[in-house]
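A short worksheet on the structure shown next.
Protein chains: 4
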Amino acid sequence: MAIMQLNIIPLGTKTASVGEYVVDFQRALLEEDVNFTLTDMGTIIEGETSQLLALAAKIHAMPFAQGVQRVVTQISIDERRDKSVGLGDKIHSVQERL
Amino acid sequence: MAIMQLNIIPLGTKTASVGEYVVDFQRALLEEDVNFTLTDMGTIIEGETSQLLALAAKIHAMPFAQGVQRVVTQISIDERRDKSVGLGDKIHSVQERL
Amino acid sequence: MAIMQLNIIPLGTKTASVGEYVVDFQRALLEEDVNFTLTDMGTIIEGETSQLLALAAKIHAMPFAQGVQRVVTQISIDERRDKSVGLGDKIHSVQERL
Amino acid sequence: MAIMQLNIIPLGTKTASVGEYVVDFQRALLEEDVNFTLTDMGTIIEGETSQLLALAAKIHAMPFAQGVQRVVTQISIDERRDKSVGLGDKIHSVQERL
Numbered sequence: 028m029a030i031m032q033l034n035i036i037p038l039g040t041k042t043a044s045v046g047e048y049v050v051d052f053q054r055a056l057l058e059e060d061v062n063f064t065l066t067d068m069g070t071i072i073e074g075e076t077s078q079l080l081a082l083a084a085k086i087h088a089m090p091f092a093q094g095v096q097r098v099v100t101q102i103s104i105d106e107r108r109d110k111s112v113g114l115g116d117k118i119h120s121v122q123e124r125l
Numbered sequence: 028m029a030i031m032q033l034n035i036i037p038l039g040t041k042t043a044s045v046g047e048y049v050v051d052f053q054r055a056l057l058e059e060d061v062n063f064t065l066t067d068m069g070t071i072i073e074g075e076t077s078q079l080l081a082l083a084a085k086i087h088a089m090p091f092a093q094g095v096q097r098v099v100t101q102i103s104i105d106e107r108r109d110k111s112v113g114l115g116d117k118i119h120s121v122q123e124r125l
Numbered sequence: 028m029a030i031m032q033l034n035i036i037p038l039g040t041k042t043a044s045v046g047e048y049v050v051d052f053q054r055a056l057l058e059e060d061v062n063f064t065l066t067d068m069g070t071i072i073e074g075e076t077s078q079l080l081a082l083a084a085k086i087h088a089m090p091f092a093q094g095v096q097r098v099v100t101q102i103s104i105d106e107r108r109d110k111s112v113g114l115g116d117k118i119h120s121v122q123e124r125l
Numbered sequence: 028m029a030i031m032q033l034n035i036i037p038l039g040t041k042t043a044s045v046g047e048y049v050v051d052f053q054r055a056l057l058e059e060d061v062n063f064t065l066t067d068m069g070t071i072i073e074g075e076t077s078q079l080l081a082l083a084a085k086i087h088a089m090p091f092a093q094g095v096q097r098v099v100t101q102i103s104i105d106e107r108r109d110k111s112v113g114l115g116d117k118i119h120s121v122q123e124r125l
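Residue numbers (my numbering), protein chains in the order written: chain D, 28 to 125; chain B, 28 to 125; chain A, 28 to 125; chain C, 28 to 125.
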C-alpha cells in the first residue's frame, strides 16, 4: 500500500486562482473507488502505486482538455512494504505520541 | 500571507519509520505561535514567508542534533498577494463548489 | 513532449549514502530508449508523460527488490502542448538571454 | 555543506512561458558569491543551509516586484554532516561506478 500526494499546477492561466481546476480534480476522484483527502497543499490518495500513478496521469491531462497549454504536476509517493499504512495512519501514530 | 508544506526526511536511520522525528517537529511547532496542521505527507504551516523559512531551518536542524548524518528537507511555499489565504481556506473554497 | 525529474529516496538504509541505488537507476535507464541526464538533485528524463510515469514506476520498485522496506519517490512532470520542449531547451533559452 | 534545488513558479502569468523570470533569477545569482547550476527542472545551488534559504527567500520575492500576484516556490535541501558534498560530487560518484 502506498500514499501519494498530487499537485497539479496549470501555467499561463489568466488569473492567479486555480481553484476551478482543483474542483474538477476532486470531482474526478469522487468517481473513482479511492480513499482521498484534500489538503491546503495538494490531494493525498491511498492505493497501490500502479493505481496511484494511473490516477495522476488522468488528472494531469485534465487542464489540457480545458485549453491550458502547460501543466506542472508533482507527485510524491510513500510506499512501505514492512507494514500497511493507509490514509490517516501516520497522523494518528504521531498524535498518540505527542 | 503564505502557506508552507514542510517535509523532513532523515536518511540512514536504522529503521524505515521516522515517526519519532515527526513527533519532535510537532512538539517544536506547538511551542511556536503558528497555525499548523499535520497531514499524511507533511506539515502545513501558515505565516509570512520569512517566518516560515526560519521555522523550516530550525526543524531541518533537529535530526542532526540526534545523530542523523543526512537530512533531505522539502519546502513548498504558496504565497499570494492578491488576497489573504490562510490554512483551510483553499479546502473550503473547493468544497463549496463541489 | 514532457520533461520529468525523478528522485527516489530509500528509507531505513544502514548508511546515509544512497549512491548504490542511484547507480542501479542509471543502469536501468541506459537500457531504455530515453534521453536523460543526472543532476545533483535527481534524474531528468524526456518523453511522453505515459512513458515517463511507466519508467518512474519501474525505478521506484527497484530498491524493494534489494530489501529496502520503504521508498519515497518524487516525480515532477512539466508538459507543454504549445511547443515541443526537450532536454536542454529550457537551459539554452535562458542562457541565450543572460 | 548543503545542496539546494530551487524552483520558482509564478502563477497567473499571461503566457505558459516563464523563462523571463528564470533569466532574472540567474542574473541575481550571478551577483552572489555562490556556486550554482541551471538544470531543465530548476536551479541547484551549493552553500550552507542558512545562506541557501536566504537566497531562496530573495529569489521567491522577485516575481512579486514585477506584478505577479502568486508565486509557488519549491525548495529541496540535501545536507550531509558525515562528509562534505559539493555541486557535481554526487554525479561524479555515480558516474565512476557505472
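Glycine is no exception: its CB is placed at the ideal position from the N, C-alpha and C atoms.
Just so we're clear, the structure is a prediction, and the values are computed from it rather than from any experiment.
In DSSP terms, what residue i is bridged to
{"i": "D116 (chain A)", "result": "DSSP, once it has assigned bridges, lists no residue as partnering D116 (chain A)."}
{"i": "V50 (chain D)", "result": "Answer is none; V50 (chain D) lacks a bridge partner."}
{"i": "S103 (chain C)", "result": "B:Q101 and C:Q32"}
{"i": "L38 (chain A)", "result": "A:R97"}
{"i": "L65 (chain D)", "result": "D:T70"}
Close Cβ partners of residue i (< 6 Å) along its chain, the five nearest in sequence each way excluded
{"i": "S103 (chain A)", "result": "Q32"}
{"i": "V45 (chain A)", "result": "P37"}
{"i": "E73 (chain C)", "result": "I30, N62, G113 and L114"}
{"i": "D105 (chain B)", "result": "I30"}
CB contact flag (residue i, residue j, <7 Å)
{"i": "R107 (chain D)", "j": "R107 (chain A)", "result": "no"}
{"i": "I86 (chain A)", "j": "I30 (chain A)", "result": "no"}
{"i": "M28 (chain B)", "j": "I71 (chain D)", "result": "no"}
{"i": "L80 (chain C)", "j": "L80 (chain B)", "result": "yes"}
{"i": "T66 (chain C)", "j": "T100 (chain A)", "result": "no"}
{"i": "V49 (chain C)", "j": "V49 (chain A)", "result": "no"}
Contact with chain C by residue i, beta-carbon distance below 7 Å
{"i": "A83 (chain A)", "result": "no"}
{"i": "V45 (chain B)", "result": "no"}
{"i": "Q53 (chain D)", "result": "no"}
{"i": "K117 (chain A)", "result": "yes"}
{"i": "L56 (chain B)", "result": "no"}
Below-7 Å beta-carbon distance, residue i vs any chain A residue
{"i": "L65 (chain B)", "result": "no"}
{"i": "R108 (chain B)", "result": "no"}
{"i": "T100 (chain D)", "result": "yes"}
Chain-order list of residues whose beta-carbon lies under 7 Å from that of residue i (same chain, five-residue window excluded)
{"i": "D51 (chain C)", "result": "M89"}
{"i": "E59 (chain D)", "result": "L82"}
{"i": "E47 (chain B)", "result": "none"}
{"i": "E123 (chain D)", "result": "none"}
{"i": "F91 (chain A)", "result": "V98"}
Contact with chain D by residue i, beta-carbon distance below 7 Å
{"i": "T126 (chain C)", "result": "For chain C, the structure presents residues 28 to 125; residue 126 (chain C) sits outside this window and is missing."}
{"i": "L38 (chain C)", "result": "yes"}
{"i": "R124 (chain A)", "result": "no"}
{"i": "L114 (chain B)", "result": "yes"}
{"i": "I35 (chain A)", "result": "no"}
{"i": "L80 (chain A)", "result": "yes"}
{"i": "S120 (chain A)", "result": "no"}
{"i": "S111 (chain A)", "result": "no"}
{"i": "I104 (chain B)", "result": "no"}
{"i": "Q32 (chain B)", "result": "yes"}
Contact with chain B by residue i, beta-carbon distance below 7 Å
{"i": "Q96 (chain A)", "result": "yes"}
{"i": "I86 (chain C)", "result": "no"}
{"i": "E76 (chain A)", "result": "The residue asked about is misnamed: residue 76 (chain A) is Thr in this sequence, not Glu. Closer than 7 Å: no."}
Proximal chain E residues relative to residue i, where beta-carbon distance stays under 7 Å
{"i": "V61 (chain C)", "result": "The chain labelled as chain E is not found among the protein chains of the depicted structure, namely D, B, A and C."}
Beta-carbon proximity list for residue i, same chain, < 8 Å, skipping 5 on both sides
{"i": "K110 (chain B)", "result": "none"}
{"i": "A83 (chain A)", "result": "M31, L33, T100 and I102"}
{"i": "E75 (chain D)", "result": "M28 and A29"}
{"i": "Q78 (chain A)", "result": "V61"}
{"i": "A43 (chain A)", "result": "none"}
Using a Cβ distance threshold of 8 Å, determine whether the segment 82-96 of chain A contacts the segment 32-46 of chain A, with at least three qualifying pairs required. yes
Count Cβ pairs between the segment 113-123 of chain B and the segment 48-63 of chain A that sit closer than 8 Å; are there 3 or more? no
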